[in-house]
Every structure is written in C-alpha cells, then in structure tokens.
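Only one structure is covered here, and it is reproduced in the block below.
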Amino acid sequence: VQLQASGGGLVQPGGSLRLSCAASGSIFSLNVMGWHRQAPGKQRELVAVSTSGGLRNYADSVKGRFTISRDDSKNTVDLQMNSLKPEDTAVYYCNFRHICDSGPGYWGQGTQVTVSS
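Per our numbering, the very first residue in the sequence shown carries number 5; after that it's consecutive.
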C-alpha cells in the first residue's frame, strides 16, 4: 500500500487547513485510515482515525476542532483542521492499516503543518 499526503502549510493561529491522503495498491475493504503527528522532540501521536465500519476516534487535544472523513470509493482520507493552535505544529503522517494487521501499517511521507503568527 502506498500513501500520498498533501495539504500542509503555514497558517496563523485560529486558521484552518485541510490535509488529504490517497491510498493505492492492494487495499482490502476492512481497514483503518488515520492521521498521526510528530512535533520536534516529541513522540508520534495519534490525531484521528476512521474505520471502514464508520467509527471515528480523536485525540482529546483536537476534539471539536478537527474532523476526519474518508471516501472509500477513492481510498482517501481527509483531515479538516479548524481553530488551529501553535501546539498543532508538527509533521502530520497519514496511516493505513488493514483490520487483520497487527503491525503499525503503512505510512505516508509526512506533511508539515506550522501554526504561527
């Protein structure tokens, strides 16, 4: 599975950005797609995930501000980020995992999000 992410950039506090990720390759219908992020000097953390069954989960720090959505017909997952804060600054990674996989799955190349005035 290959993942291609896009949509990062520089935005002022309170602004919005939308990240997109497209998966290609050997994709089975039962899967989990999501976004993680890694800030300088910190461990990679989960931001939001969405299952093919319709479940969504968010980190507490982004609840009410970020929305994850997916289009299974296109194998894409988007992350709409509103009310961005400086602490959201990080490299954001798209992740794909089949439900039956016990490992970490596949990662995209990462896209930088910088929130600064």
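Note that the Cβ used here is the ideal one computed from N, Cα and C, for glycine as well.
Using DSSP bridges, identify the partner residues of residue 29.
In the sequence shown, counting from the first residue as 1, residue 29 sits at position 25. Answer is none; residue 29 lacks a bridge partner.
Assign residue 3 to one of three DSSP states: helix, strand, or coil.
Outside the modelled stretch of the chain, which goes from 5 to 121, sits residue 3, for which no answer is possible.
Going by the CB atoms, is the gap between residue 81 and residue 96 shorter than 8 Å?
The residue labelled residue 96 in the question sits at position 92 within the sequence shown. The residue labelled residue 81 in the question sits at position 77 within the sequence shown. The answer is no: Cβ separation not under 8 Å.
Identify which residue in 121, 102, 107 and 17 has its Cα closest to the Cα of residue 30.
Residue numbering aside, residue 30 sits at position 26 when the sequence shown is read from its first letter. Comparing Cα positions, the closest option is 102.
When DSSP labels each residue in this structure, what does residue 92 get in the three-state scheme?
To locate residue 92, count along the sequence shown from 1; it is residue 88. Of the three classes helix, strand and coil, the one that applies to residue 92 here is helix, per DSSP.
Determine the DSSP secondary structure at residue 120, reduced to helix, strand or coil.
Here residue 120 refers to the residue found at position 116 of the sequence shown. Note: residue 120 maps to coil in three-state DSSP.
Quick one: what's got a C-beta closer than 8 Å to residue 78's C-beta in the same chain, skipping five residues either side?
Within the sequence shown, the letter at position 74 stands for residue 78. For residue 78, where only same-chain residues beyond five positions count, the Cβ hits under 8 Å are 26.
Compute the beta-carbon to beta-carbon distance between residue 88 and residue 18, rounded to the nearest angstrom, for a pair I have assumed lies under 8 Å.
Here residue 88 refers to the residue found at position 84 when the sequence shown is read from its first residue. Here residue 18 refers to the residue found at position 14 when the sequence shown is read from its first residue. About 7 Å separates the two Cβ atoms, so the contact holds.
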